[in-house]
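**Student:** Input: one structure, supplied below.
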Amino acid sequence: MQLRHDGTRKLWTAAKHEVWVQAMKEEIKMIEKNDTWELAERPKDKEVIGVKWIYKTKLNADGSIQKHKARLVAKGYSQLPGIDYTETFAPVARLDTIRALVAIAANKKWKIYQMDVKSAFLNGYIDERNLCGATSRIHCKRFTRKKSWLKKALYGLKQAPRAWYSRIDNYFMDRGFRRSLSEPTLYVKRQGNDTLIVSLYVDDLIYRGNNEKMIHDFKEDMMKTFEMSDLGLMHFFLGIEINQEKEGIFICQKKYTETLLKKFKMESCKTVTTFGHRRKV
Numbered sequence: 119m120q121l122r123h124d125g126t127r128k129l130w131t132a133a134k135h136e137v138w139v140q141a142m143k144e145e146i147k148m149i150e151k152n153d154t155w156e157l158a159e160r161p162k163d164k165e166v167i168g169v170k171w172i173y174k175t176k177l178n179a180d181g182s183i184q185k186h187k188a189r190l191v192a193k194g195y196s197q198l199p200g201i202d203y204t205e206t207f208a209p210v211a212r213l214d215t216i217r218a219l220v221a222i223a224a225n226k227k228w229k230i231y232q233m234d235v236k237s238a239f240l241n242g243y244i245d246e247r248n249l250c251g252a253t254s255r256i257h258c259k260r261f262t263r264k265k266s267w268l269k270k271a272l273y274g275l276k277q278a279p280r281a282w283y284s285r286i287d288n289y290f291m292d293r294g295f296r297r298s299l300s301e302p303t304l305y306v307k308r309q310g311n312d313t314l315i316v317s318l319y320v321d322d323l324i325y326r327g328n329n330e331k332m333i334h335d336f337k338e339d340m341m342k343t344f345e346m347s348d349l350g351l352m353h354f355f356l357g358i359e360i361n362q363e364k365e366g367i368f369i370c371q372k373k374y375t376e377t378l379l380k381k382f383k384m385e386s387c388k389t390v391t392t393f394g395h396r397r398k399v
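Residues in the sequence shown are numbered from 119 upward in steps of one, following my numbering.
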């Protein structure tokens, strides 16, 4: 999937459109379901981290709208190092690793599947005591006067990526996966001759293996532990379109190319077949 900034920038503008109102309600529902915060009176000696709404539109590979996303984001730039946060680093999968895994899957004739963790950062536990402010227009009156002690991470916090990675890493370790030494977001699980490989890129997971039951059990367990979107076969990942067919796995960047052509007003230029055209992996 892709994200693009929507023209809606302000809360008062978004509140006039039902799609954004619904998106904000879904975000608050997810925050409450994850038990992200607890309401309390503000201590006089504690600084409050502000929050704001961010609005984006999630696109499919062909550029059509998949969903509208509203995210309540903490103003992490106001956090104090050593007080409000310590470690912030979190690894992500390298593109070379993703390409190698696609090549392995094609060679072994494995299907590649994809899942998305809904509001992934809200699942990360934080050790520091952070007091978060609440905007007065979240369509929920009880948030207007009190502040919120964060029990889990909120998008925008400096330590949010690290907290999420620690949570998902512990999940894989508890399930018998082994983490790659050279690629911290690559996990492998073996049971006899059966293998399951999972690669993580923030909140997107791609997985493949040679045992369908093992794959199914992994998916079911993930969906019980986290709020997940099952995307089925991998079709679009990190801006790359993937077509899995009987003849092999084909990759391209058609949407990206079309965007560039449109940007430079070259939509009507003549086409020519290139070396990478319909390239089989």
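Cβ atoms here follow ideal geometry from the backbone N, Cα and C, with glycine treated the same way.
At the level of alpha carbons, what is the spacing between K226 and N288?
**Tutor:** C-alpha of K226 to C-alpha of N288: approximately 29 Å in a straight line.
**Student:** Taking A218 as the reference, which of I230, T204 and K331 has the closest Cα?
**Tutor:** I230
**Student:** Is it buried or exposed, K270, if we count other Cβ atoms within 10 angstroms and call 16 or more buried?
**Tutor:** buried
**Student:** List the residues that DSSP assigns as beta-bridge partners of K343.
**Tutor:** With the sequence shown as reference, residue 343 is identified as Thr, and Lys is not the correct amino acid for it. Paired residue(s): none; T343 is not in a bridge.
**Student:** Nearest-angstrom Cα distance between G350 and S386?
**Tutor:** In this structure, the CA atom of G350 is about 35 Å from the CA atom of S386.
**Student:** Considering only residues of the same chain and omitting the five flanking positions on each side of G357, which have a CB-CB separation below 6 Å?
**Tutor:** Y374
**Student:** Look up Q232 in the DSSP assignment and give the residues it is bridged to.
**Tutor:** I324
**Student:** On the three-state DSSP scale, how would you describe T377?
**Tutor:** helix
**Student:** Comparing C-alpha positions only, which one of L157, V306, A281 and L275 sits nearest to S168?
**Tutor:** Before going further, note that residue 168 is Gly rather than Ser in the sequence given. It is L275 whose Cα lies nearest to the Cα of G168.
**Student:** Quickly, what does DSSP pair P209 with across the bridge? List them, please.
**Tutor:** Note: P209 sits in no beta bridge, so no partner.
**Student:** Helix or strand or just coil, what does DSSP make of S266?
**Tutor:** Correct three-state label for S266: strand.
**Student:** Looking at the structure shown, is F295 part of a helix, part of a strand, or coil, going by DSSP?
**Tutor:** coil
**Student:** Since L249 contacts A192 with CB under 8 Å, what's their CB separation in whole angstroms?
**Tutor:** Between A192 and L249 the Cβ distance is about 11 Å, and since that is not below 8 Å, they are no contact.
**Student:** Going by C-alpha to C-alpha distance, which of F295, D245 and A224 sits closest to E365?
**Tutor:** A224
**Student:** Which residue marks the beginning of the alpha helix (DSSP H) containing T146, and which one marks its end?
**Tutor:** Strictly speaking, residue 146 in this sequence is Ile, with Thr absent from that position. Looking at the DSSP string, the run of the alpha helix (DSSP H) that includes I146 is E136 to K151.
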